[in-house]
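Residue numbers (this note's numbering): 5 to 1117.
Beta carbons are placed, not taken as given, at the ideal position from N, Cα and C, and that holds for glycine.
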């Protein structure tokens, strides 16, 4: 179904070709099924494996430097130089148990992805418990991916000490990436500083996620040993972490969801039909049939129509009876209501007549209330005038007291206050006006002195400023004199230093040449040991090659001699008695030659010659290598001479010191020359500043003397103007305040006089108003005026309006018959029957309305009321009987109408449901067929039904990738087992009915049979696990597009191997090294320490773990 396309997961599967899984690639996908390609880069492959496309080549990933601080068991800063450690392609990582070997791999993973493999990430404890609380936890990894070299630094989330030293706080995780060379296209040159950006960039460059990296680069042998013995379910979980099956999972999910949706839709449609049939039965009050059909539906539809017609006929008959009863009820109700209205109005008119004296009393109270209004107004004006008089008197007395207090502050003795005690009147007012004008004239005379006082203040401030500036200038002149005195010594020192730096900087070229020569000598001495070892190896290899070539030559000569010696025997072997010899022609063969038991053939001699030629060529090549190596060694020895390593290092250090001193002098000399020139300029500048200060000091001193004389002369005039006050302005302000107080007292005295006159006028007006209104005292006025005229008017108007309304209603024509009936009650007797005149059948004209209104005031009203009530009771009884009859018929009509509507509604519902049921029956047929087809396809995709392999689509794809892993692993396993074992992919179902497809067996060449991987011994399991891990790494790297991984790590497991197996494993590791990879082996095996010269030892101490690196010489 999905095979035959890139990334389909099945090699050799072509479109349209069925296989035993029941899948076909040319089947139609249902609408909506996902077909998009995944973002994961995929590798094309054919029936023979990878097709060699560019995706298989990928990119190179190489680790350079790892640094970690306070991480895991390492409390201090440690570093691993992978360039030096993996210089020969293979190194050993060993150390004490629990010392932190795996932590180094965790640090690599954490730097790249921000997480560590397995349960260690779940623990969340990456910081070293033994680290100093002030030491931050950091991991820095420098690596190259393709053409891009970068440095990644990360810190985990951990608790750190607060900066104030009290308690701890949580340090958040951080990440940064710095490009050390070429920056990828579309990337910020300044690097990345957010966790998500760094993780995304690393994943994009590596082409794999964290789980894939943990399996491809950090090969956990224990996990692959479990993988060998795992069942299909466990093996599927690991493969899904490494290979992206999300597309196929989405296809499976789509089919499952589509099947559920289709089944639900089909059941929903059938449920709708059942509900419709049940609804039809419910409408007709019947039980629903088990299997409803069209005949049943037609029968119930006809029955509903007949019932509706019958109910409508019954409704028409009941409506006719109800109309007749309604007319009789309306006539009885009209007679009763009209009589009740007439009786009510006549009774009300009688009551109003009895209330006439009360209305007359209301009119009298209203008249007295109106007469009291002007008297109350005059009383109010009189009270206001008396209050104003009291207030004016109180204010005037307070102003008099304030003026007395203010006048006591006058120290000049020029103010006369003897007239302040006079009575209120014109004399007091004239005295206050004259005194106020005199005081204001005195204040005006002080205005000029106020201006002189302001000028005096300004000149005093100016004098203080002049004095302060003169003193500051004196201090500045003293400081300049001290600074000028120090400049000659400083200039001499700078001049001497500049001379010394010129001499040192002049030797830079010579020092540079000596330093370069010394560094080359150090490098040459470092190479001497390696070249000596290489020369020894080359001599040994060349000698061995010569020996091998000599042996090959001897073997070829021996075979040639045996060949020549056996040629006669070969001819004799072809002789037949009686037939001539091909050499001499004789038919007799008396003494035929007899050869060796194992004669040498021409092919053997030819093979020996080829072996000899190869051996001679190899000996020649290795001899040339030896000569070149000896030549390089001689040249290097000649350059170094007899100097030791310490002497060379000392010479380099001396040359370096001289070079650094000359470089520093060259950089420092321009600054010193600039400082010398600045010092000379500063000295001249300070001299000029000193002269300017001298001139300024003399000028300020002269101005200060002039200002002091002017201030002293003005102070004598101002002392007279102050007259005992704080200053002239205060004296003038006091006089103005005193004048204002006199004016205010004068105004208050005038107000008292006016208020007294007004109070007398208001008292006269009040007495006249009371006399005109016929009131004897003010209390009578207030009692009459205290009533609410509007309330009285409202009561009176309500009574009058009520009577007018009653009389108007009695004059309405529709009440005339009922008033006639009530008027006959007096002459007909106490219990006579009274009917309206219109119903008596007489032709006499109705009396005028005034007749009833005048008659409504009888002498014996009690008897009339009794007769009227009896008459009304009789009318109500007749009306009630008519209403009951009409109501009963209306109820019957309502019931008949409801029955008709219900029958019609049932008929309409049955017809509507019948039409819908026929439509659903037609639509259900194709839906059922489509659901059956989709169910079959879903079973095949999920490994059920006609899928004979019982493999789901996702398992089917994983099985194809597992085949590729097995092929890649076999190339390693057959080498490590000398061709005995190889992996076989198995599709056999597991026990207990569990699906298969991801089985992995071992084929044994010795026995010729395959067996489960669980039967392998410990050492064999290790070899199989290692081969499987390497094969899986190759496949995952190729599929993810990451290609050649230059650095990988292999975990424990070497202790289970014997010597021969270990040799084979080492050959495999050498092959990886030959492919350009750097392999790190993690093991405790002692023999590996002898075989692998480059080692990294992790030492466990009470204070934490440390690293010791040993490099191959």
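Practice prompt. Have a look at 549, 606, 539 and 553 and flag the residue whose alpha-carbon is nearest the alpha-carbon of residue 566.
Written response: Against the chain shown, residue 566 aligns to sequence position 562. Looking at the Cα atoms, 606 is the closest of the given residues.
Worksheet item: To the nearest angstrom, how far is it from the Cα of residue 357 to the Cα of residue 806?
Response: Mapped onto the chain shown, residue 357 falls at position 353. Mapped onto the chain shown, residue 806 falls at position 802. Rounded to the nearest angstrom, the two C-alpha atoms are 11 Å apart.
Worksheet item: Is the Cβ-Cβ distance between residue 130 and residue 1086 less than 8 Å?
Response: Along the chain shown, read from residue 1 onward, the residue named residue 130 stands at position 126. Along the chain shown, read from residue 1 onward, the residue named residue 1086 stands at position 1082. Taking 8 Å as the cut-off, the Cβ atoms of residue 130 and residue 1086 do not count as close.
Worksheet item: Apart from the five residues on each side of it in sequence, which residues of its chain come closer than 6 Å, Cβ to Cβ, to residue 846?
Response: Numbered from 1 along the chain shown, position 842 holds the residue referred to as residue 846. With a pLDDT of only 37 at residue 846, under the threshold of 50, the placement of this residue in the model should not be trusted, and no figure is reported.
Item to complete: Starting from residue 1104, trace the beta strand (DSSP E) both ways and give me its first and last residue.
Response: Counting from one through the chain shown, the residue named residue 1104 turns up at place 1100. Start and end: 1099-1105.
Worksheet entry | Validate contact between the region 447-457 and the region 723-738 using beta carbons, cut 8 Å, 3 pairs | Touching, yes.
Discussion item. Give me the DSSP bridge partner(s) of residue 806.
Written reply: Position 802 of the chain shown holds residue 806. The bridge partners DSSP lists for residue 806 come to none.
Item to complete: Assuming residue 752 and residue 403 form a contact by the criterion Cβ under 8 Å, report the distance between their Cβ atoms to the nearest whole angstrom.
Response: Looking up residue 752 in the chain shown gives position 748. Looking up residue 403 in the chain shown gives position 399. Right, their Cβ atoms sit about 5 Å apart.
Worksheet item: Does the Cβ of residue 430 have 16 or more other Cβ atoms within 10 Å, making it buried, or fewer, making it exposed?
Response: Mapped onto the chain shown, residue 430 falls at position 426. Flag for residue 430 reads exposed.
Fill in: Runs of beta strand (DSSP E) lying entirely within the region 921-1000, each at least 3 residues, in chain order
Within the region 921-1000, the complete beta strand (DSSP E) segments of 3 residues or longer fall at 985-990, listed in chain order.
Worksheet item: Can you give the Cα-Cα distance for residue 376 and residue 782, rounded to whole angstroms?
Response: Position 372 of the chain shown, counted from the first residue, corresponds to residue 376. Position 778 of the chain shown, counted from the first residue, corresponds to residue 782. When rounded, the separation of the alpha-carbon atoms in residue 376 and residue 782 is 10 Å.
Practice prompt. Could you have a look at residue 633 and say whether DSSP puts it in helix, strand or coil?
Written response: What you label residue 633 is simply residue 629 of the chain shown in a count that begins at 1. Residue 633 falls in the helix class under three-state DSSP.
Worksheet item: Terminal residues of the continuous alpha helix (DSSP H) containing residue 299?
Response: Working through the chain shown from its first residue, we reach residue 299 at position 295. If you look at residue 299, you'll find it in the alpha helix (DSSP H) that goes 298-358.
Item to complete: Ignore the nearest five residues each way along the sequence and tell me which others in residue 301's own chain have a CB closer than 6 Å to its CB.
Response: Position 297 of the chain shown, counted from the first residue, corresponds to residue 301. 918.
Discussion item. Does the region 250-262 come into contact with the region 978-988, if we say contact requires no fewer than three beta-carbon pairs (one atom in each stretch) closer than 8 Å?
Written reply: Of all C-beta pairs linking the region 250-262 to the region 978-988, fewer than three are shorter than 8 Å, placing the two stretches out of contact.
Worksheet item: Based on the DSSP secondary-structure assignment, which residues constitute the bridge partners of residue 1109?
Response: Position 1105 of the chain shown, counted from the first residue, corresponds to residue 1109. Beta-bridge pairing links residue 1109 to 1104.
Practice prompt. Could you tell me which residues DSSP pairs with residue 1005 in its beta bridges?
Written response: As a working note, residue 1005 is residue 1001 in the chain shown. Looking at the DSSP assignment, residue 1005 forms a beta bridge with 988 and 1016.
Practice prompt. Check each candidate in 341, 1061, 250 and 1016 and name the one with the smallest Cα separation from residue 1026.
Written response: In the chain shown, the residue the question calls residue 1026 occupies position 1022. Ranking 341, 1061, 250 and 1016 by CA distance to the CA of residue 1026 puts 1061 first.
Worksheet item: Going by Cα to Cα distance, which pick from 331, 875 and 91 is closest to residue 342?
Response: In the chain shown, the residue the question calls residue 342 occupies position 338. Answer by Cα proximity: 875.
Worksheet item: Looking only at C-alpha atoms, which of 691, 673, 980 and 276 sits nearest to residue 482?
Response: Looking up residue 482 in the chain shown gives position 478. Considering only alpha carbons, the answer is 691.
Worksheet item: Start and end of the alpha helix (DSSP H) containing residue 767?
Response: Residue 767 sits at position 763 when you count from the first residue of the chain shown. It spans 732-776 - the alpha helix (DSSP H) in which residue 767 sits, taken as one unbroken run.
Worksheet item: Is there contact here, the region 201-219 with the region 959-968, by at least three beta-carbon pairs under 8 Å?
Response: Short answer: they don't touch.
Item to complete: Within its chain, find whatever has a CB closer than 8 Å to the CB of residue 81; leave out the 5 residues flanking it on each side and keep chain order.
Response: In the chain shown, residue 81 corresponds to position 77, counting from 1. Within the same chain, residue 81 has close Cβ partners 71, 72 and 73.
Worksheet item: Is residue 85 helix, strand or coil by DSSP?
Response: Numbered from its first residue, the chain shown carries residue 85 at position 81. In this structure, residue 85 counts as strand in the three-state DSSP scheme.
Discussion item. With three or more C-beta pairs closer than 8 Å as the rule, is the region 730-741 touching the region 494-510?
Written reply: As far as the Cβ criterion goes, the region 494-510 does not touch the region 730-741, which means the pair count is below three.
Worksheet item: To which residues does DSSP link residue 69 through a beta bridge?
Response: Residue mapping note: residue 69 aligns to position 65 of the chain shown, counting from 1. According to DSSP, residue 69 bridges with 85 and 146.
Item to complete: Starting from the C-beta of residue 396, find all residues in its chain whose C-beta is less than 6 Å away, skip the five residues before and the five after it, and write them out in chain order.
Response: As a position in the chain shown, residue 396 is number 392, starting the count at 1. Leaving aside the five residues that flank residue 396 on each side, the residues in its chain whose CB is nearer than 6 Å to its CB run, in chain order, 755, 756 and 759.
Worksheet item: Can the beta-carbon of residue 1100 be found closer than 8 Å to that of residue 84?
Response: Walking along the chain shown from the start, residue 1100 turns up at place 1096. Walking along the chain shown from the start, residue 84 turns up at place 80. Their beta carbons are under 8 Å apart, which means residue 1100 touches residue 84 by this criterion.
Worksheet item: Do you know how far the Cα of residue 450 is from the Cα of residue 465?
Response: Residue numbering aside, residue 465 sits at position 461 when the chain shown is read from its first letter. Residue numbering aside, residue 450 sits at position 446 when the chain shown is read from its first letter. Inter-residue distance for residue 465 and residue 450 is about 23 Å (C-alpha atoms, whole angstroms).
Worksheet item: Just curious, the beta strand (DSSP E) that residue 1191 is in, first and last residue?
Response: Absent from the structure is residue 1191, since the part of the chain shown begins at 5 and ends at 1117.
Fill in: At least three beta-carbon pairs within less than 8 Å, the region 1008-1015 to the region 1081-1098
As far as the Cβ criterion goes, the region 1008-1015 does not touch the region 1081-1098, which means the pair count is below three.
Worksheet item: When you compare each of 474, 773 and 907 to residue 703 by their alpha carbons, which one comes out closest?
Response: Taking the first residue of the chain shown as position 1, residue 703 is located at position 699. The residue with the shortest Cα to Cα distance from residue 703 is 474.
Worksheet item: Does the region 329-341 touch the region 921-932, meaning 3 or more C-beta pairs lie closer than 8 Å?
Response: Segments in contact, no.
Practice prompt. Closer than 8 Å by C-beta to residue 113: which residues in its own chain qualify, once you throw out the five before and the five after it? Chain order, please.
Written response: Working through the chain shown from its first residue, we reach residue 113 at position 109. 119, 120, 121, 214, 217, 218 and 222.
Item to complete: For residue 467, I'd like the list of residues in its chain whose CB is within less than 8 Å of its CB, leaving aside the five on either flank, ordered along the chain.
Response: In the chain shown, counting from the first residue as 1, residue 467 sits at position 463. Around residue 467: 708, 711, 712 and 715.
Worksheet entry | Extent of the continuous alpha helix (DSSP H) run through residue 495 | By 1-based counting over the chain shown, the position of residue 495 is 491. Element bounds for residue 495: 451-509.
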